[in-house]
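Asks:
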Ligand SMILES: NC(=O)c1ccc[n+]([C@@H]2O[C@H](COP(=O)([O-])OP(=O)(O)OC[C@H]3O[C@@H](n4cnc5c(N)ncnc54)[C@H](OP(=O)(O)O)[C@@H]3O)[C@@H](O)[C@H]2O)c1
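Numbering (our numbering), first residue to last: 77 to 326.
And the structure:
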């Protein structure tokens, strides 16, 4: 069994708490980043303040990102996106394994939710930073949390991000099962360099996720393998392009 020192960014949140449990069940040592500090396994840090993150990433083998804000455009920019950038910069050139949670529909720009908050654009920019970093990564785009029925646990990994209703019609996933997928990706060679949408359908959970990871196309550039083209990097704001250049050089 591979045991890792894993930093949980968002580890106090509604998903992160499940990730902490799943990581410990898998035999990993966990360190939880929180603005509030806390128990022995918690380290204080603020994703919007890069200077607070050096200690958090010291000695880690892997990072699972499940952080997030709710609502404000500045929050999506500074926390959802800026947090990924600041942690990657704090890691520098160390070969740390990354699991990033974003959201199903993240490449869809025309819905009211993205128009009003930029939420999808910022999360997608975070995905691009991870792909640009050159680190071994897996990006999981979960569907709607805990809308699944009791018999809906069979996992399906989708690519192309074509479900854009912006409602549970796009798919459902239990938080606990999402956490298990994120943790399993950390030790799966077949999961490296893959981006997928995660839904559960009627049926039992699969015991071994490797065949599901292996069936996915690997990403080849800054976007998910089968994503429909949308905002080209050249049309991104100048500071986003500068972030990508910096992360690539790190
Ligand atoms: N609802 C859905 O069906 C659905 C589906 C797909 C994706 N999502 C996404 O899931 C994300 C996470 O949701 P959640 O419900 O798990 O959130 P949550 O329970 O509010 O947790 C947010 C986490 O982010 C951390 N965080 C926020 N700002 C931070 C900062 N400045 N520095 C350090 N840590 C910070 C919090 O840590 P502390 O407070 O301890 O500092 C906490 O651990 C959201 O962005 C949402 O877009 C939701």
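Just so you know, even glycine gets a beta-carbon here, dropped at the ideal spot from N, CA and C.
1) When you compare each of 156, 143, 163 to residue 134 by their alpha carbons, which one comes out closest?
2) Do residue 123 and residue 155 have their beta-carbon atoms positioned less than 7 Å apart in this structure?
3) Looking only at its chain, what residues have a beta carbon closer than 7 Å to the beta carbon of residue 96, apart from the 5 residues adjacent to it on each side?
4) Taking its Cβ as the centre, do 16 or more other Cβ atoms sit within 10 Å of residue 255, making it buried, or is it exposed?
5) Under the criterion of a Cβ to heavy atom distance below 6 Å, does residue 218 qualify as lining ligand 1?
6) Only counting runs of 4 or more residues, tell me where the alpha helix (DSSP H) segments fall wholly within the stretch 224-294, in order along the chain.
7) Report buried or exposed for residue 317, applying the criterion of at least 16 other Cβ atoms within 10 angstroms of its Cβ.
8) Taking the beta carbon of residue 310 as the centre, do at least 16 other beta carbons fall within 10 Å, making it buried, or is it exposed?
9) Rounded to whole angstroms, what's the CA-CA distance from residue 266 to residue 284? Just pull it up for me.
10) Taking all protein chains shown into account, decide if residue 146 is buried (16 or more other Cβ within 10 angstroms of its Cβ) or exposed.
11) Any chance you could list the beta strand (DSSP E) runs of at least 3 consecutive residues sitting entirely within the stretch 142-219, in chain order?
12) Checking 7 Å against the spacing of the C-beta atoms, do residue 82 and residue 104 come in under that value?
13) Look at the alpha carbon of residue 360 and the alpha carbon of residue 144, and state the distance between them as a whole number of angstroms.
14) Considering only heavy atoms of ligand 3, does any lie closer than 6 Å to the CB of residue 111?
15) Just to confirm, are residue 271 and residue 295 a CB contact at a threshold of 7 Å?
16) Alpha carbons only, please: which of 241, 243, 320, 120 is nearest the one belonging to residue 297?
17) In three-state terms, what does DSSP make of residue 126?
18) To the nearest angstrom, how far is the alpha carbon of residue 160 from that of residue 195?
19) Between residue 79 and residue 259, what straight-line distance do the alpha-carbon atoms span, to the nearest angstrom?
20) Hey, would you say the C-beta of residue 234 is under 6 Å away from at least one heavy atom of ligand 1?
Replies: To lay it out plainly:
1) When each option's Cα is compared against that of residue 134, the closest is 163.
2) Yes. Within cutoff.
3) Around residue 96, the same chain offers 84, 87, 106, 108 as residues with beta carbons nearer than 7 Å, after the five sequence neighbours per side are excluded.
4) Per the 10 Å Cβ criterion, buried.
5) Because some heavy atom of ligand 1 lies under 6 Å away, the Cβ of residue 218 counts as near it: yes.
6) Here the runs fully enclosed are 251-261, 286-290.
7) Here residue 317 is exposed. Its C-beta has fewer than 16 other C-beta atoms within 10 Å.
8) With fewer than 16 Cβ atoms within 10 Å of its Cβ, residue 310 is classed as exposed.
9) So the two alpha carbons sit approximately 12 Å from each other.
10) By the 10 Å Cβ count, residue 146 comes out exposed.
11) Segments of the beta strand (DSSP E) lying fully in the stretch 142-219: 173-177, 213-218.
12) In terms of Cβ geometry, residue 82 and residue 104 form a close pair [threshold 7 Å].
13) Absent from the structure is residue 360, since the part of the chain shown begins at 77 and ends at 326.
14) This structure does not include ligand 3; its bound ligands are ligand 1.
15) Going by C-beta atoms, residue 271 is nearer than 7 Å to residue 295.
16) The alpha carbon of residue 297 has as its nearest neighbour, out of 241, 243, 320, 120, the alpha carbon of 320.
17) Looking at residue 126 - three-state DSSP - the assignment turns out to be helix.
18) Those two C-alpha atoms are separated by around 14 Å.
19) Rounded to the nearest angstrom, the two C-alpha atoms are 11 Å apart.
20) Taking 6 Å as the cut-off, the C-beta of residue 234 does not count as close to any heavy atom of ligand 1.
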